[in-house]
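Q: Sharing a structure here in C-alpha cells format.
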Amino acid sequence: MTDEDLVERVREHLKGMRGIKEKPMIGGISFMWRGNLLCGVMGTNLLVRIAKADYDRFIVDKGAKPMVMAGQTGKSWILVDKAVVSRKPAMKKWIDRAVQFVGTLPAK
781 MTDEDLVERV REHLKGMRGI KEKPMIGGIS FMWRGNLLCG VMGTNLLVRI
831 AKADYDRFIV DKGAKPMVMA GQTGKSWILV DKAVVSRKPA MKKWIDRAVQ
881 FVGTLPAK
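For the sequence shown, our numbering gives the first residue as 781, with consecutive numbering after it.
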C-alpha cells in the first residue's frame, strides 16, 4: 500500500518545479521530470534516482536501502525509509540528489 502522506509531502516539495508529472508505477507513484523518472513513493519508502557512480557513497546513508527488482539490485535507484525523509532537510537532500542526476539526462 502506498503511503499517501509521503506522496503528498513529495508533491509539496516538487510543486515549484516545472515539468513534473505524476504516474502510477508498480507498488506506488512516480514523479517524472522532463520525461525521466525522478523519484517516487513505493510503499512507505521514497525512491530516488541517482548516478550509478554515486551509489556506493549514498547507500551507506541512514535509512538508505538497495532497490531490488526480480533479484537484481538497481545501482541507479535507492529506497529511503519514511522515518528518515519525514524530516524536511533529509527529504530535500535526497530529492536534490535525484534532481542533480536526472537534470543531466536528455528530456524525453
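Idealized CB from N, CA, C, for every residue including glycine.
Near MET847, which residues of its chain fall below 6 angstroms by C-beta distance, leaving aside the five closest residues on each side in sequence?
A: Once the five neighbours on either side are set aside, the close Cβ partners of MET847 are GLY854, TRP857, LEU859.
Q: When DSSP labels each residue in this structure, what does LYS759 get in the three-state scheme?
A: Since the first residue shown for the chain is 781 and the last is 888, residue 759 is missing from the structure and cannot be characterised.
Q: Using the beta-carbon count (16 or more within 10 Å), is VAL840 buried or exposed?
A: Exposed, because fewer than 16 other Cβ atoms sit within 10 Å of the Cβ of VAL840.
Q: Among LEU818, THR824, GLY807, which one has its Cα closest to the Cα of ASP801?
A: Reading off the sequence, residue 801 comes out as Lys, not Asp. It is LEU818 whose Cα lies nearest to the Cα of LYS801.
Q: Exposed or buried, which one is ILE806 when buried takes at least 16 other CB atoms within 10 Å?
A: Exposed is the call here.
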